[in-house]
Amino acid sequence: MKSHAAALLLVLLAAGCGSAPPPPPAVSVDPVTVQPQEAHGVTAAPPATSAECDREASLPPGPLPPAGAMPPGSTMAAIARRGLLVVGVDQNTYRFGFRDPTTGRIEGFDIDVAREIARAIFGDPDRIDLRVVDARDRETALISGQVDVVVRTYSITCERKRSVDFSTVYFVADQRILAPRGTRIDTADDLSGRRVCAVTGTTSLSNLFAMSPRPAVLAVTTWTDCLVMLQQNQVDAISTDDAVLAGLAEQDPTVEIVGPSLAVEPYGIGVGKHHEDLVRFVNGVLERMRLDGTWDRLYDRWLSRLGPSPGPPTARYEGT
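According to mature numbering (1 follows the signal peptide of the UniProt record, and there is no 0), the residues represented by the sequence shown are -20 to -1, 1 to 300, in order.
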């Protein structure tokens, strides 16, 4: 009986080994185009920019007090009591404000400029609290008091000066175009009918929307989102400040910066209204950086790929 059962088992196993398994059921999945979060087409004009002011003029500085001895009752004294300078920054703009993947630290030209302000208040550049702020939230962060200053490739415009104050200009960029090598995109006219990416809340977005003929403008949260969309052929070009585009081009050798300047973008440090003493103090720090070589040193460290240092922008003060 046992031998008969064993023989039957061998027959069944042999039959099983010789038969092919049934094919898996067919599954059909339509391809899905994945875009960065909050990516959207811009169909309404961003807030108009005003040209009714001298946008680059700021308050003249007074003598800088010694570090650790801020004037009683001043905004700087309040910051000193807190123990940290709170700064709104970026973490996605290579060379200006970016998170180093090896250290996790936010670094860049803007970050080191902010550290010079902390050094002037405390005598220690590390007494600083870096808070990441989206481009569209810069004014809100200053008005609400979430940050003391914003140092974040922050173009000075007359419209923005109605809401917040600015330092003197510490860097000047030109809006240009980033496109894949070999494409027939060289000028603003070549953007007509093309898909162009920019970041929400930036002057670059407003400048693109104002073009005639207008490209198809797509807005995202960060410039690295724009680069991802360009790499995935979801847009044809990116347009913003050449300093920002240079950082993107370093991350992707298949793209290049093309065309002449579309607009001049002077960067300033944002300060909340009703803190004129802090504006004057920051301007004093920037003036010292111009004179003692600190600006050139920071340029050489972070921005030398843009070319030889042009030297710091000349400060322009109100009433002079």
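Glycine included, every Cβ here is placed at the ideal spot set by N, Cα and C.
Rounded distance between the beta-carbons of residue j and residue i, thought under 8 Å
i: I165; j: D216; result: 7 Å
i: F102; j: A49; result: Their Cβ separation, rounded to whole angstroms, is 11 Å, which puts F102 and A49 out of contact at 8 Å.
i: G239; j: T167; result: 5 Å
i: L278; j: V93; result: 7 Å
i: L210; j: V235; result: 7 Å
i: A196; j: G21; result: 7 Å
i: T133; j: Y247; result: 6 Å
Residue i burial status per 10 Å Cβ neighbour count (16 or more: buried)
i: K253; result: exposed
i: G291; result: exposed
i: E245; result: buried
i: S241; result: exposed
i: A153; result: buried
i: D128; result: buried
i: E87; result: buried
i: L271; result: exposed
i: L255; result: The amino acid occupying residue 255 in the given sequence is His; Leu does not appear at that position. With 16 or more other Cβ atoms within 10 Å, it is buried.
i: R281; result: exposed
i: E32; result: exposed
i: C138; result: exposed
i: T82; result: exposed
i: G227; result: buried
i: E119; result: buried
Terminal residues of the beta strand (DSSP E) in which residue i lies
i: V69; result: 65 to 69
i: D169; result: Premise fails: D169 is in no beta strand (DSSP E) and is neither H nor E.
i: E245; result: 235 to 247
i: L158; result: 151 to 160
i: D109; result: 108 to 112
i: A178; result: 175 to 179
Run of the alpha helix (DSSP H) containing residue i, from where it starts to where it stops
i: T120; result: 118 to 123
Which full runs of the beta strand (DSSP E) of 3+ residues lie inside the stretch 186 to 210, going along the chain? 196 to 200
Could you give the uninterrupted runs of the alpha helix (DSSP H) lying entirely in the stretch 44 to 99, keeping only those of 4 residues or more? 55 to 62
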